[in-house]
Structures are given as C-alpha cells and as structure tokens.
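Taking the UniProt record's numbering, the leading residue of the sequence shown gets 1, the next gets one more, and so forth.
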Amino acid sequence: MRRRTKRISRGVTSGPSAPKRACARALSIFSSLLNTNRILRPPMTAWPMLACRGVSPARETFHQAKMAARKALQIEPDLGEAYASLAHVRLHDWDWVGLEQDFLRAIELNPGHAIAYYWYAEYLMAAGRAEEAIVRVRQSRQMDPLNSVLNSSVAIILYLARRYDQAREELHQALEIDPNHFLLHFRLGLVYQQQKLFDDAIAEMQTAVTLSGRSTEALTGLAQTYAAADMRAAMQQIVDALENASEKHYIHPYNMARVFGSLGDQEQTFGWLEKAYDEHSPDFIELRTEPTFDSVRSDPRFSALLSRVGFNQI
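Here it is as structure tokens:
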C-alpha cells in the first residue's frame, strides 16, 4: 500500500500528466487512508493538489486533506509536510489570518520540501507581492528541476505577474524535458493567448486536451482560447458539450468564468464567478491577478467579490 500511494502521489505532484481517471482513482485511495493511523507523506502533498485539478468539487477534497494533515500533526507535531499541507488548504480556503507565518513555519520544519515554496509563492501572489513570489517559486524548482509540476508552477507565477516572455521561455525549456505533460501545454496555451498568438494557443490547448484524456480543465482552456480569438461557434460547441455532460462530469465554474471573461461577456462571467464563490473555488486565490478577468476588472461587482474573498486582509 505504501509503495502504491507513493507512486500515485508522485504522478499527481510531478508527472506524467495525471489525467482525470488517475486523479479520481487517487482521490479514492487517499480517502481510504483516513481510517488508518499511518502517516504517509506523499499523499499529504498530493491530496490538496488534487482539489485544485477540478476533477471534483474542491470543498470535500480539501476537507479530507485538512483532516489528514491534522491527524498527522497529532501524531507528529513537527511534521513539515503536514504543516505545509494544512497551510495550503487554509490558503485555498481563504483563511488569511496568520497564514504567512504558517508557511514560514512549514519551510522551517522541512526546508527541503520543494512544493511548500510554491504554495508560499501562491500566497505571495495573492498578497500582491510578485517579486517575492517569483523568488520563492524558483527556490522550489531548484530543489527538483526535473519536476514538471514545479516547472509549470514557475511559469504560472510569471504569467500571473504578466511576464509572458519569461513564462513562455520557462515552458519551452520544461517541454524539452517532458514533452507529454498536459499541464505544460495548457499553461503555454494561456501564455500564447495573452500574447494574442491565437493559432499557437489553440494548438497547445488541443494538445493539452489530448494528453489529459479530454479533461474538463483542458476543454474549458480550449474554449477559453477560442473565445479570446473571437471564434464563438467553436467556443460554444465546447461549452454546450460540457454543460450537456455536467451530470456525469464535474465542471469547475471558475474555469467557465475564464471562458466568458476571455469573450468579454460580463454577465456570464459574473454568473459563473458567483457559482465558483458558492463552491469556495480554490482558484479564487488568483482572482486578483488573473489576466483573463481584465475585461470585468473595472466593474464594481469585481471589487466587491475581491472583498468577499478577503483580499483586503492581506
């Protein structure tokens, strides 16, 4: 069991592409661990990351990750991985008070836990401290330079900081190491979209759709790119297919909001953002910096939403 969970966790936190079936299987296996008294470090790291992949509503997955981390800390109070996992859950739960100290404590307890530096960088970006975030996420990658998730994480922090040329260069280098990781292609598609290189963006998103096993995350990314390119019919075809399949496959409302944000449809964007807020979307930590929402950023409803999430506390 220990070897199997370690192997599955490694697939989630580094590669291969962790398609939707593998993520769902990982969630099922990790959930069964809640009834044991063992501390398994790899699932401690992978569990909250699965909540961010959009394979199921995040609230329950984060709740399980929080339970596992707290249980581990009861057994081993200075376990850095558990401390980092709990801080990561708090970040995506918009529980801001004292959160930076928790991340720093996790890093102090286990300075070699690479992913903790990226999670701290996410907090720093949410706090509007882009330069510090870039330093921290690069520290994360230095510890595990062949890890595709960490390589893509450097790029997404640069993307959120609007440093698109640097993000593109990071992703090109990462793809030389791991050309079949869907997340690298997905995030390169996002960068190309912001650079208005729509043919390249569409090609990358189509590759991400194939490599991810047609995950809803990748499909909404492709729809988002079609929207930005003003290819409305192609966008709508994907949106209709996703909505028709929503009883069988979870659709992350935040991703749908990005589709309509790229289109410039304010009412649809806010409609999906409200659904994402109701689900307590973990991706809301990027709301302040996500370029896709520039089309609605001047609307008073957007400022109100930022306040409701608690950005004024950091």
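Note that the Cβ used here is the ideal one computed from N, Cα and C, for glycine as well.
N-terminal and C-terminal residue of the alpha helix (DSSP H) that residue i is part of
{"i": "N255", "result": "P253 to L263"}
{"i": "K275", "result": "Q266 to D278"}
{"i": "N244", "result": "R232 to N244"}
{"i": "P300", "result": "P300 to V309"}
{"i": "A84", "result": "G80 to H92"}
{"i": "I154", "result": "Residue identity check: residue 154 is Val in the sequence provided, not Ile. S148 to L160 is the extent of the alpha helix (DSSP H) around V154."}
{"i": "I134", "result": "A130 to M143"}
{"i": "H181", "result": "Counting along the chain, H181 falls outside any alpha helix (DSSP H), and DSSP gives it neither H nor E."}
{"i": "R105", "result": "L99 to L109"}
{"i": "L211", "result": "F198 to L211"}
{"i": "T225", "result": "T216 to A228"}
{"i": "I314", "result": "Careful: I314 lies outside any alpha helix (DSSP H) and carries neither H nor E."}
{"i": "Y118", "result": "A114 to A126"}
For residue i, the nearest candidate out of the options (CA to CA)
{"i": "E108", "options": "Y83, N147 and H185", "result": "Y83"}
{"i": "R214", "options": "G310, D199 and I238", "result": "I238"}
{"i": "L188", "options": "D278, K196, E204 and M235", "result": "E204"}
{"i": "W96", "options": "L242, R136, E122 and I115", "result": "E122"}
{"i": "A114", "options": "A69, N147 and K66", "result": "N147"}
{"i": "S212", "options": "P179, M67 and H63", "result": "P179"}
{"i": "L287", "options": "W94, G112, Q64 and A68", "result": "W94"}
{"i": "L222", "options": "I157, D240 and V259", "result": "V259"}
{"i": "M231", "options": "F62, A241, G98 and I202", "result": "I202"}
{"i": "G271", "options": "N312, I177 and L305", "result": "L305"}
{"i": "I314", "options": "M235, D294, E176 and G98", "result": "G98"}
{"i": "I157", "options": "I177, L175 and L190", "result": "L190"}
{"i": "I251", "options": "T220, A234, M235 and D278", "result": "T220"}
{"i": "A218", "options": "L242, L197 and F198", "result": "L242"}
{"i": "R59", "options": "S298, F302 and D278", "result": "D278"}
{"i": "P253", "options": "L273, E247 and Q236", "result": "L273"}
{"i": "K66", "options": "S85, E76 and M235", "result": "S85"}
Check whether residue i and residue j have beta carbons under 7 Å apart
{"i": "A106", "j": "G80", "result": "yes"}
{"i": "A208", "j": "H185", "result": "yes"}
{"i": "F103", "j": "Y120", "result": "yes"}
{"i": "A276", "j": "A245", "result": "no"}
{"i": "P300", "j": "Q194", "result": "no"}
{"i": "A133", "j": "M125", "result": "yes"}
{"i": "V309", "j": "T269", "result": "no"}
{"i": "residue 326", "j": "A155", "result": "Examination of residue 326 is not possible in this model, given that the chain is present from 1 through 314 alone."}
{"i": "H249", "j": "T210", "result": "no"}
Distance cut-off 6 Å: residue i Cβ against heavy atoms of the ligand MG
{"i": "S295", "result": "Among the components modelled here there is no ligand, and therefore nothing to report on the ligand MG."}
The region 167-178 contacting the region 143-153, beta-carbon criterion three pairs below 8 Å:
yes
query = Would you say the region 85-99 touches the region 274-284, given that touching needs at least three Cβ pairs under 8 Å?
reply = yes
* Contact the region 247-266 vs the region 222-234: 3+ CB pairs below 8 Å -> yes
Query raised in the report: Between the region 159-167 and the region 139-148, are three or more C-beta pairs nearer than 8 Å?
Result: no
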